[in-house]
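Below is one structure; the comments refer to it alone.
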Amino acid sequence: MVWPFCPSCRYTLSVDASGSIRCAVCPYRSNLANFVSLPTSTTVSSDTPVPLWAKSDEEQAALRASKEPTRATVEETCPKCGAKEVGFYTVQLRSVDE
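Numbering-wise (my numbering), the sequence shown opens with residue 106 and increments by one.
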């Protein structure tokens with residue numbers, strides 16, 4: 106049996122507190138005690154940065170005050186001064202739903 110799916114219809118199985126396993130679609134029934142070893146899986150994820158909208162108001166205010174606008178740079182020759190690297194800012198002019 107591939108856990109946690111029903112071996113008959115492949116629907117997700119549900120387990121209650123007593124260890125009873127049942128399928129909501131077909132008549133499949135079992136118990137956790139019937140399994141010698143239960144399948145396990147381990148997921149490891151790295152710490153991801155917390156987005157601005159998920160931080161507290163105080164943290165958001167501090168982030169807005171401390172960050173200066175950053176500019177993107179590309180290795181292109183500037184048509185005005187001939188510099189080998191050009192920096193620019195981006196601005197969203199239209200909303201996402203337009």
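Every residue gets a Cβ at the ideal spot worked out from N, C-alpha and C, and that includes glycine.
**Prompt:** Taking the continuous beta strand (DSSP E) assigned at residue 124, which residues delimit it?
**Reply:** Here residue 124 is taken as the residue at index 19 of the sequence shown, counted from 1. Where residue 124 is concerned, there is no enclosing beta strand (DSSP E), given that its DSSP letter is neither H nor E.
**Request:** Mark residue 118 as exposed unless 16 or more other C-beta atoms lie within 10 angstroms of its C-beta, in which case mark it buried.
**Result:** The residue given as residue 118 occupies position 13 in the sequence shown. Flag for residue 118 reads buried.
**Request:** Counting only the same chain and skipping the five closest in sequence on each side, list residues whose C-beta sits under 6 Å from that of residue 121.
**Result:** Working through the sequence shown from its first residue, we reach residue 121 at position 16. Taken in chain order, the list of residues that qualify is empty.
**Request:** Just tell me which of 149, 186, 132, 125 has its CA closest to the CA of residue 140.
**Result:** Here residue 140 refers to the residue found at position 35 when the sequence shown is read from its first residue. The residue from 149, 186, 132, 125 with its alpha-carbon nearest to that of residue 140 is 125.
**Item:** Close-in-space but distant-in-sequence residues of the same chain around residue 189 (CB under 7 Å, 5 per side omitted)
**Value:** Here the question's residue 189 lines up with position 84 in the sequence shown. Once the five neighbours on either side are set aside, the close Cβ partners of residue 189 are 180, 182.
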